[in-house]
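Below is one structure, written out as structure tokens; the observations come after it.
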Amino acid sequence: MTNSTFGLQSKKRLRLIFLRLFIWFVGVAPAVWLVWRLLTDQLGANPIEEVLHRLGDVSLVFLLVTLSVTPLRGITGWNEVIKIRRPLGLFGFFYLTMHFLTYAVLDQTLDFEFIIEDVLERPYITIGFTAWVLLIPLAVTSTKGWIRRLGKRWKKLHRLAYLATTLGVAHFYWQVKADTYWPTLAVLLIVGLMVYRIRGNRGRSWPQVLQSRKH
Amino acid sequence: MLIGKSKNIPSSEITPEKMYVNRREFIGKSAAIGAGASLGWRDFDFGDLAERRHFQKDWSKVRSELDEELTPFGDVTSYNNFYEFGTGKSDPARNSHSLKPRPWTIEVGGLCDNPGTYDLADFIKPGKVEDRVYRMRCVEAWSMVIPWQGFSLKDVIDRAKPSGSARFVEFQTLNDVEQMPGQRYSVLRWPYIEGLRLDEAQHPLAMLVTGVYGTALPNQNGAPIRLIVPWKYGFKGIKSIVSMRFLEQMPTNTWKRSASQEYGFYANVNPDVPHPRWSQARERRIGEFRRRPTLMFNGYADEVASLYSGMDLRIHY
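Going down the list, the protein sequences come from chains F and E.
Under the working numbering, read the first sequence as residues 432 to 646, first letter to last.
Under the working numbering, read the second sequence as residues 298 to 614, first letter to last.
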């Protein structure tokens, strides 16, 4: 009896290790891909813009996927998935930071006069910058120690991820000239996620919610 | 010379001085790549990368004669805004093979004494085709320096003899989803429309372009014939032109129709009038690292500023 329980546990642990390795692979792949394109001269005629845009894309994808973890868990009942929420969010923050640094260092060559003007006067840059600033305390307090220390307040604080990601989506939408296909998809996703969180399970899994609605 | 400060060059002198001095070499090199290239309208397969490099090497001499470096052929032909083939910068180079620039006809109409439908070859007077190096400044704050082949738009206007009431010229791009797959999506209203005030169109710097780097205009650059108005943002340079009409009223150009608070009819390069979403004070010259300051009228102020005297360029952006 104890043996089979132990076997189940170790299987579970193994699965978790694979899951974490997979997330690391997924998280590092975009960076490797960009460096590879840089080294092989495949970034095109405007490499700074290309890197800037791709880092922005990747960051937003990670942030949206991070927010999808809880709904995914609710819908599928796959509880382990919650364990990869933190690395997903941190990769999102990492790529967002790289996105901002690419803008400040490579695109604007640290000409602060222009950077400050952009952040203050160009609304899409203002909100993008705000999103990054909002995510800094979330990245800092993502550790187990901080979760313990903050208790119930941690959950409240980390709801800022919704605000930051929404600002990120708006930033993405706003800087497009005419082709709003991808930004529109991002909007639909973030709206769907928020509707789910507001109207959704309130701690119960979807099967439970559906069950309760039958009555 | 055109791309430098042209204070001592009269506006009628439209071939860059140094380029002119260097013209024998320029044409010699062009001929050496085997396309009668200074005519700029013969077919040429530019697809092979080795050939692109070959091009650049042949043009290195010209580049060294100029005070601003030419943007390499490979960049000019791989980084394009041409939404008829997709909205990504590399989409036009990838997707524009479906465009058939021959045979090609251009309709000249509207308020003029000499309307007609012309075959491209009749439209281009070979003797008139000349080399000009222009800066190209995109509204997205990047820029290039490009050696075009073509002729003054004025030549065509003079032939058409616009009537006294004509005050504007309107151009249209081909509207054919078979050849332009991007037209399946309504990111913009098709066909693409651009226009100029008649006096702008008659300015000697305004150019109809049939070639670049001594070869026929590649599809992604607007084959077989496009407009270049070097003191305006790049989107004024309508590509793959099929019609030209003289109008009394100001036409609504495509980007203005798409977002009139952001893109106007005039679209003159102006570092002091920001785009509502970004600054136009600086630009990235393709191939350079640090942004450089954007010049008023893209550096052609001496030639064209008088066209806009008395106008508030913040209102007429």
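Where a beta carbon is used, it is the ideal one built from N, C-alpha and C, also for glycine.
Remark: fewer than three beta-carbon pairs, one from each stretch, lie closer than 8 Å, so the stretch 503 to 514 of chain F and the stretch 389 to 409 of chain E are not flagged as touching. Proximity of Trp-528 of chain E to chain F, defined by a Cβ-Cβ separation below 7 Å, is not satisfied.
Using a CB distance cut-off of 7 Å, Thr-540 of chain F counts as an interface residue toward chain E. Comparing alpha carbon positions, the residue from E:Val-506, E:Asp-372, E:Ala-598 closest to Asn-567 of chain E is E:Ala-598. Within the stretch 457 to 504 of chain E, complete alpha helix (DSSP H) segments of at least 4 residues are found at 495 to 498, given in chain order.
Taking C-beta atoms as the reference points, His-589 of chain F and Gly-559 of chain F fail to come closer than 7 Å.
Trp-605 of chain F sits in a helix when the DSSP states are folded into three classes. Inter-segment contact for the stretch 578 to 585 of chain E and the stretch 485 to 500 of chain E is absent: fewer than three beta-carbon pairs are separated by less than 8 Å. Interface annotation, Tyr-431 of chain E: not in contact with chain F, CB-CB separation never under 7 Å. Think of a sphere of 9 Å around the beta carbon of Tyr-489 of chain E: no beta carbon from chain F falls inside it, the nearest being about 12 Å out.
When Cβ pairs closer than 8 Å are counted between the two stretches, the stretch 476 to 484 of chain E is seen not to touch the stretch 546 to 553 of chain E, the count staying below three. Put simply, the backbone Cα of Ser-540 of chain E is about 5 Å away from that of Gln-469 of chain E. Legend: CB atoms of the stretch 546 to 562 of chain E lying less than 7 Å from CB atoms of chain F belong to residues Ser-555. Identification of residues in the stretch 575 to 607 of chain E having a C-beta nearer than 8 Å to some C-beta of chain F yields Trp-575, Ser-576, Ala-578, Arg-579, Arg-581, Ile-583, Gly-584, Phe-586, Arg-587, Arg-588, given in sequence order. Contact of Val-484 of chain E with chain F is assigned, a C-beta pair being separated by under 7 Å.
In the structure shown, the three-state DSSP call for Met-529 of chain F is helix.
Rounded to whole angstroms, the Cβ separation of Gln-517 of chain E and Phe-379 of chain E is 6 Å, and the two are in contact under 8 Å. Annotation: Cβ neighbours of Gly-475 of chain F in chain E (cutoff 7 Å, chain order): Ser-375, Tyr-376, Lys-386, Ser-387. Nearest C-alpha to Gly-596 of chain E among E:Thr-512, E:Glu-381, E:Arg-432, E:Ser-395: E:Arg-432.
Using a Cβ distance threshold of 7 Å, Gly-511 of chain E and Cys-435 of chain E do not count as a contacting pair. Under the three-state reduction of DSSP, Gln-446 of chain E is assigned to strand. About 14 Å separates the beta carbon of Thr-497 of chain F from that of Ala-617 of chain F, a gap too long to meet the 8 Å contact definition.
Secondary structure within the stretch 541 to 624 of chain F: the alpha helix (DSSP H) runs of 4 or more consecutive residues, fully enclosed, are 543 to 552, 554 to 571, 575 to 581, 583 to 589, 591 to 605 (chain order). Using a Cβ-Cβ cut-off of 7 Å, Trp-439 of chain E is close to Asn-477 of chain F, given in chain order.
The beta-carbon of Ala-601 of chain F is placed no less than 7 Å from the nearest beta-carbon of chain E.
Of the residues F:Val-550, F:Arg-517, F:Tyr-534, F:Lys-587, the one whose Cα lies closest to the Cα of Phe-586 of chain E is F:Tyr-534. Within chain E, not a single residue places a beta-carbon under 7 Å from that of Phe-560 of chain F; the smallest gap is close to 14 Å. Between Leu-495 of chain E and Pro-459 of chain E the beta-carbon gap is near 7 Å, inside 8 Å, which marks them as a contact.
For Asp-428 of chain E, the beta-bridge partners assigned by DSSP are E:Gln-446. Phe-493 of chain F and Pro-478 of chain E have their C-alpha atoms some 32 Å from each other. Note that the C-beta distance between Ile-513 of chain F and Ile-454 of chain F is not below 7 Å. In terms of Cβ geometry, Tyr-526 of chain F and Gln-606 of chain F do not form a close pair [threshold 7 Å]. With respect to the 7 Å criterion, Arg-429 of chain E and Trp-439 of chain E are not classified as neighbours on the basis of their beta carbons. Taking CB atoms only, Asp-610 of chain F has a neighbour in chain E less than 7 Å away.
Of the other Cβ atoms in all chains shown, 16 or more fall within 10 Å of the Cβ of Met-441 of chain E; this residue is therefore buried. Our two residues, Leu-541 of chain F and Leu-474 of chain F, have alpha carbons roughly 22 Å apart in a direct line.
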